[in-house]
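Engineer:
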Amino acid sequence: MSQHPRWYYNEFKQIGIDYTDLKVVQAYDLCMQKLRDIENEANSIRGLLNISDTDIVLEIGTGSGELALKLSAHCRKVVAIDISKIMIDFAKVKAESQKKTNIQFYNAGFLTYENCTEPFDAIVTQLALHHLPDYWKMMALRRVYGMLKEGGKFYLRDVVFPSMVQDYDSYFDEIITKLKESTGDELAKETEIHIREEFSTLDWIMEGLLKNVGFHIESVKSDGFIACYLCKK
Ligand SMILES: C[S@@+](CC[C@H](N)C(=O)[O-])C[C@H]1O[C@@H](n2cnc3c(N)ncnc32)[C@H](O)[C@@H]1O
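Take any residue in the sequence shown, count from 1 to its spot, add 253: that is its number in the numbering used here.
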């Protein structure tokens, strides 16, 4: 592992929700299985990234590993990384129980993972980049760009705030109220923590960062709060 200067960002420090707590990890996994159609998500991401069975794919911030598990059925290898060792161990157990042998798990993140083999055909990250402040997002995206092969695709999905909002107080209040009604108190509370303590940025900043590091943005989709960027090197 390369030596970083003392001012380098410590990405292992937990920001907002603590994903080094096993109970939080178990609850997160259950909640996501309930709220998300992960099979559908994985199929759509696979299509967007054109993943084929000879490809090597990197997933950054894999969490409990659901996407990595699904993608691994359609490519040569998935490298799944996360700064939470508890998340990685949790995902590893799942992979073992499903007899998935082509996923490599590493306890590392955007700013610390060193790829020692060939460049990746595709890189994906969901709901993880917002853990870094904006300058470090740019450093992270430069590293992503560097680890991709020429013409390779990068799929980024994250909480990104729209800039066309006049009244952010009402905007966030409405999101939290709707979440409370549809999913209950827990996710609404986590969203409050997210807005208050995590580093979600604005749409124009995210697009600027992606372009600045050299990506061509092929498409952007946003439902207001969560944005998906399909990028090409
Ligand atoms: C909200 S969860 C998302 C997990 C998964 N990608 C999903 O879509 O369900 C955020 C994950 O990002 C991880 N994470 C936070 N900062 C990170 C970083 N700098 N590099 C890699 N992963 C990070 C956390 O440990 C956590 O597992």
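Where is the CB? At the ideal position from N, CA and C, for every residue including glycine.
(1) How about the region 433 to 441 and the region 334 to 349: do they share at least three Cβ pairs that are nearer than 8 Å?
(2) Which full runs of the beta strand (DSSP E) of 3+ residues lie inside the region 321 to 367, going along the chain?
(3) What are the residues that DSSP puts in a beta bridge with residue 284?
(4) Taking the alpha carbon of residue 353 as the point to measure from, which residue in 326, 421, 376 and 447 has its own alpha carbon closest?
(5) Nearer than 7 Å: is that true of the beta carbon of residue 479 relative to any heavy atom of ligand 1?
(6) Ligand 1 heavy atoms versus the CB of residue 292: any closer than 7 Å?
(7) Could you check whether the Cβ of residue 439 sits closer than 7 Å to any heavy atom belonging to ligand 1?
(8) On the DSSP bridge assignment, give the partners of residue 403 in chain order.
(9) Closer than 7 Å by C-beta to residue 483: which residues in its own chain qualify, once you throw out the five before and the five after it? Chain order, please.
(10) Is it the case that the CB of residue 363 approaches a heavy atom of ligand 1 more closely than 7 Å?
(11) Tell me whether residue 261 sits in a helix, a strand or coil according to DSSP, three-state version.
(12) On the DSSP bridge list, what partners appear for residue 472?
Structural biologist: Quick answer:
(1) no
(2) 330 to 334 and 356 to 359
(3) In DSSP, residue 284 forms no bridge with anything.
(4) 326
(5) no
(6) no
(7) no
(8) None, per the DSSP bridge assignment.
(9) 301, 406, 408, 471 and 472
(10) yes
(11) coil
(12) 483
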